[in-house]
Amino acid sequence: MKKGNALQNTFASTAGMICDGAKTSCALKAAMGTSTAISNALLALDGVVVPGADGIVSGSIKGTIGNLGYLVTNGMGAVDKSLIDILSGRSISVPLT
């Protein structure tokens, strides 16, 4: 159960991370993912877990993985196109207010 809780915590805290095609940021994301996984494993050992139905997290690890699969299958198309536009220099910057 504690392994599942560690996975639930890690999926909850990294679900919004995307690959943006950059080399340096990939290494940073890998390091952050490793650090996050260790922190979440320690939290799970202390009984801390993101509750089911909290964001992408389901009541089970299988349900959470299913939610991630749904997000990737149905939600990433627009993200992929936007990233390609940015990386190819075709994007229009949105001014910060």
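In the UniProt record's numbering, the protein residues as written are 1 to 97.
Using N, Cα and C, we set each Cβ at its ideal position, and we do this for glycine too.
- Around A44, the same chain offers K2, N5, A6 and N9 as residues with beta carbons nearer than 7 Å, after the five sequence neighbours per side are excluded.
- Residues of the same chain with a CB within less than 7 Å of the CB of S13, apart from the 5 flanking positions on each side, are T36 and N40 in chain order.
- With respect to G47, A53 sits apart: the two C-beta atoms are not nearer than 8 Å.
- Rounded to the nearest angstrom, the gap between the Cα atoms of I86 and L96 is 17 Å.
- For the pair I56 and L71, the CB atoms are nearer than the 8 Å cut-off.
- By the Cβ-count criterion, V94 is exposed, with fewer than 16 other Cβ atoms from all chains shown falling within 10 Å of its own Cβ.
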